[in-house]
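Let me begin by presenting the structure, written as structure tokens, before commenting on it.
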Ligand code: NCD
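In the numbering used here, the protein residues as written are 366 to 736.
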């Protein structure tokens, strides 16, 4: 823990003096000052969901909506968006599999006029020659203005942030999914999807989270966001060995967010405003990885087509994707407006446009733009 008097110093100064051990040991709520823009309190680096507040979430949803509208004008609108970050570059460093997150970040960057580069195979970066993570990240920052990073190690993104806070090229880093811990930009697009589906109202929702709640980083990040909303109730439905971890439950208790664990999925469906399905993340099962194919999910954690009849009229079914058999395929193109996961996927791109714009303090330009 850093001593109290050091907090009196300018944060930039502390950031340059502090060791990795000290930095990583700072409690999350105290770490926010090293991540957010000190003037706007919007994220600069994006590490975890706890650094977002209600104001920044509302703002990002608004900016995402507006950017989407502007983009409909193929000529002037798109040129305007492209002018915002023209001449800057982003690197997408994804050393874990990704389709949606990678593509939506890359497209979002291009919508804003950024040049994009990527490293997706760590064996092609100098890390493979034994270069430290610190040197690798510092090197990236020599060439680009933004790094988005997905890494199997939970602490990798944080280390990158620490390195750049210490350096003379303090460019922003965004966590595109780190270990089984957090995936804040997925939570952001999930909130944006709820916001859009319920006429801009996220408060007072019952959200049922189903599947691998232990290793699914999306449900963890989304749960943290709930501190920003009123009257939320979470219902967790998971196999007994994959239940939501204690750290999240403690967080929910501390923030007086109501939650319960439910073993009977069918019982929870009629209560839900949002059903958030997830897949069983068996890639984390060490040693068992050699098995060919994936085990089918138990019927108890599968959304069957007939369950649509149990859902409220105005409710939605979400999934961060990729999905397997936890949702009946009949749902995919059945035309029921409550099946929202393909739209949710596209919302990801707009949420990331909004986030990157806000990181570079261009959100006001988007909101002010006259269509
Ligand atoms: C998720 C992830 O990578 O955490 N996917 C995503 O980013 N949309 C969920 C998953 O892999 O199941």
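All C-beta atoms in this analysis are idealised placements derived from N, C-alpha and C, irrespective of residue type, glycine included.
Predicted, not measured: the structure shown is a model, and the values here were computed from it.
Boundaries of the alpha helix (DSSP H) in which residue i is found, first to last residue
i           : result
residue 589 : 582-590
residue 389 : 385-390
residue 551 : 549-562
residue 525 : 521-530
residue 381 : 376-382
residue 503 : 498-508
residue 630 : 630-633
heavy atom of the ligand NCD below 7 angstroms from residue i C-beta
i           : result
residue 478 : no
residue 463 : yes
residue 551 : yes
residue 687 : yes
residue 659 : no
residue 544 : no
residue 644 : yes
residue 519 : no
residue 585 : no
residue 548 : yes
residue 452 : no
residue 442 : no
residue 481 : no
residue 558 : no
residue 433 : no
residue 596 : no
residue 667 : no
residue 581 : yes
residue 466 : yes
Through-space distance from residue j to residue i, alpha-carbon basis
i           : j           : result
residue 487 : residue 564 : 42 angstroms
residue 517 : residue 462 : 10 angstroms
residue 528 : residue 502 : 7 angstroms
residue 601 : residue 475 : 37 angstroms
residue 736 : residue 645 : 44 angstroms
residue 439 : residue 468 : 20 angstroms
residue 703 : residue 687 : 18 angstroms
residue 673 : residue 588 : 24 angstroms
residue 594 : residue 723 : 21 angstroms
residue 598 : residue 571 : 5 angstroms
residue 495 : residue 465 : 30 angstroms
residue 611 : residue 566 : 29 angstroms
residue 706 : residue 452 : 34 angstroms
residue 613 : residue 585 : 7 angstroms
residue 742 : residue 522 : Outside the shown range of the chain, which is 366 to 736, sits residue 742, and nothing can be said about it.
Of the residues the options, the one placed nearest residue i, counting alpha carbons only
i           : options               : result
residue 630 : 663, 417 and 541      : 663
residue 424 : 406, 599 and 509      : 406
residue 538 : 549, 526, 532 and 399 : 526
residue 431 : 551, 557 and 566      : 557
residue 378 : 433, 530, 513 and 418 : 530
residue 573 : 632, 711 and 375      : 632
residue 549 : 583, 690 and 438      : 583
residue 429 : 477, 444 and 465      : 477
residue 483 : 682, 711 and 515      : 515
residue 714 : 553, 645, 443 and 671 : 553
residue 649 : 641, 640, 659 and 642 : 659
residue 691 : 669, 680 and 710      : 669
residue 508 : 606, 491 and 481      : 481
residue 546 : 438, 460, 609 and 427 : 609
residue 647 : 641, 448 and 580      : 580
residue 569 : 544, 623 and 611      : 623
residue 489 : 512, 460 and 450      : 460
residue 667 : 698, 628, 699 and 677 : 628
residue 710 : 506, 513, 672 and 551 : 551
residue 676 : 634, 510 and 437      : 634
residue 680 : 640, 721 and 513      : 640
residue 543 : 555, 524, 705 and 532 : 524
residue 422 : 717, 458 and 733      : 717
residue 661 : 731, 576 and 727      : 576
Terminal residues of the beta strand (DSSP E) in which residue i lies
i           : result
residue 574 : 571-575
residue 642 : 639-642
residue 601 : 598-602
residue 623 : 623-626
residue 543 : 538-543
residue 721 : Not the beta strand (DSSP E): residue 721 falls in the alpha helix (DSSP H), residues 706-724.
residue 480 : 480-484
residue 732 : No beta strand (DSSP E) contains residue 732, which is instead part of the alpha helix (DSSP H) from 728-733.
residue 613 : Segment 611-619 is the alpha helix (DSSP H) holding residue 613; no beta strand (DSSP E) there.
residue 511 : 511-516
residue 683 : 681-683
### Message
If we require 3 or more residues per run, which beta strand (DSSP E) segments fall completely within the segment 437-470?
### Response
With a minimum length of 3 residues, the continuous beta strand (DSSP E) runs that stay inside the segment 437-470 are 454-459.
### Query
Curious, which full-length alpha helix (DSSP H) runs of at least 4 residues does the segment 390-442 contain?
Runs of the alpha helix (DSSP H) inside the segment 390-442: 393-396 and 419-437.
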